[in-house]
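Residue numbers (UniProt numbering): 1 to 403.
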Amino acid sequence: MAAEMAMMVKPISKFAASPTPKFPTLARPPRLSAVKMSSTAATAPPSKKGPKGAIKETLLAPRFYTTDFDEMEMLFNTEINKNLNEAEFEALLQEFKTDYNQKHFVRNNEFKEAADKLQGPLRQIFVEFLERSCTAEFSGFLLYKELGRRLKKTNPVVAEIFSLMSRDEARHAGFLNKGLSDFNLALDLGFLTKARKYTFFKPKFIFYATYLSEKIGYWRYITIYRHLKNNPEYQCYPIFKYFENWCQDENRHGDFFSALMKAQPQFLNDWKAKLWSRFFCLSVYVTMYLNDTQRTAFYEGIGLDTKEFDMHVIIETNRTTARIFPAVLDVENPEFKRKLDRMADINQKLVAIGETQDMPLVKNLKRIPLVAALANELLAAYLMPPVESGSMDFAEFEPQVVY
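In structure tokens:
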């Protein structure tokens, strides 16, 4: 049924970004002193010519997650859960052990040279991109590492896969943090581990959210890679050349979570699963769209139209997700895009209020009608007729690797 569902969706038109002007990249900026960046306001005084020093704690910022590890142990206990397909997990384990990207993340002199050429708005937004991406990858590392440790006795195969995924995430985070060093900055990951607030998610919510984040990460990376391969004049920093292999790590992680959900049919086969599936699809898609529309300078700097890029990623992610989730959003309905645009406009107004010099009370009063309008758009998007999808006929379900 999943394959049938994938074929029912109309094919997306060829993705092509509209031409946009590049930022100048010729002048060499003055060198910055090294700064340790953290998730709190306690940072070294930023240089006037340097980028801002930390990620602001907002609803759209990358988060660290924790879960009910005792429940996780029960879910993956082979004596309790007879739906666990041990042969499938053994095959996935061998796939992860192969470690296709073991020697992929090797830097060269291009990195520092390219960083020194970046200046102005693009340099600042690029540092923020590296910082946020590093934080998100490190968040995955912490969660997967703890799951690998806690499940070692209950299910050694699943535990080892989680440990190998934490290896991948650590590799990604380290590579991104090394990129920050090209800009004479570094994230203090050890400090983040202790100081960052952790968001608690029940195991089934971890499955939904993490599957979506891995698959949407795949489609973001591969789309940027293909675009820059076809438009090399926008290749302003060599990290994008690594995205083709990098995104396959994200894809394998997503396939593993697909297998986990198949082993927990109670998360996929009732009306509550349909509601939660739609909720997490909406949360992930809206978060990406609002984040990216605040950072159009980054996407314009690499020759992409931000909204066109995001809609391509959302549509492709939604089609991939439809293979396993019991219901997904109708993101190809033009009204869904119109709702996203209205949410982005409201969010920009909220950001503008936050940047004013008004008293906190005045700011909050100004925010009330905008927050209400944003909530109304979110609810309206959630209540749009969904696309029934997914497959509970697991015997016929074959995970598909997308290249």
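Every residue, glycine too, gets a C-beta built ideally from N, C-alpha and C.
Backbone secondary structure at residue i - three-state DSSP
i: Tyr237; result: coil
i: Leu187; result: strand
i: Arg295; result: coil
i: Phe357; result: For clarity, residue 357 is Gln in the given sequence; the question names Phe instead. Three-state result, Gln357: coil.
i: Ala17; result: Reliability fails at Ala17, whose pLDDT of 39 lies under 50, so the model's placement of it is uncertain and the value that follows must be treated cautiously. Looking at Ala17 - three-state DSSP - the assignment turns out to be coil, as it is neither helix nor strand.
i: Tyr79; result: Position check: residue 79 holds Glu in this sequence, whereas Tyr was assumed. Of the three classes helix, strand and coil, the one that applies to Glu79 here is coil, per DSSP.
i: Lys152; result: coil
i: Arg107; result: coil
i: Gln119; result: coil
i: Ala381; result: helix
i: Asn333; result: coil
i: Ala322; result: coil
i: Asn85; result: coil
i: Ala34; result: Unreliable placement is indicated for Ala34, whose pLDDT of 36 sits below 50; the coordinate value is still reported in the next sentence. Ala34: coil per DSSP, three-state reduction.
Residue i - containing beta strand (DSSP E), residue span
i: Phe200; result: Tyr198 to Phe200
i: Tyr65; result: Phe64 to Thr66
Terminal residues of the alpha helix (DSSP H) in which residue i lies
i: Leu304; result: Careful: Leu304 lies outside any alpha helix (DSSP H) and carries neither H nor E.
i: Gln266; result: Note, Gln266: premise wrong, no alpha helix (DSSP H); not H, not E.
i: Lys103; result: Careful: Lys103 lies outside any alpha helix (DSSP H) and carries neither H nor E.
i: Tyr218; result: Pro203 to Asn230
i: Asn177; result: Pro156 to Ser181
Residues that DSSP places opposite residue i in a beta bridge
i: Gly387; result: Reading the sequence as shown, one finds Val at residue 387 and not Gly. Note: Val387 sits in a beta bridge opposite Val328.
Burial state of residue i (16 or more Cβ within 10 Å)
i: Pro156; result: exposed
i: Thr67; result: buried
i: Pro385; result: exposed
i: Met359; result: exposed
i: Arg220; result: buried
i: Asp168; result: buried
i: Val106; result: exposed
i: Ile314; result: buried
i: Trp276; result: buried
i: Asn251; result: buried
i: Ala87; result: exposed
i: Ile80; result: exposed
i: Asn269; result: exposed
i: Gly390; result: buried
i: Ser133; result: buried
i: Val371; result: exposed
i: Thr223; result: buried
i: Pro203; result: buried
i: Trp246; result: buried
i: Asn318; result: buried
i: Arg171; result: buried
i: Asp310; result: buried
i: Arg149; result: exposed
i: Val127; result: buried
i: Gln357; result: exposed
i: Ala263; result: buried
i: Tyr208; result: buried
i: Gln94; result: exposed
CB contact below 8 Å: residue i versus chain B
i: Leu192; result: Looking for chain B here will not work: only one protein chain is present.
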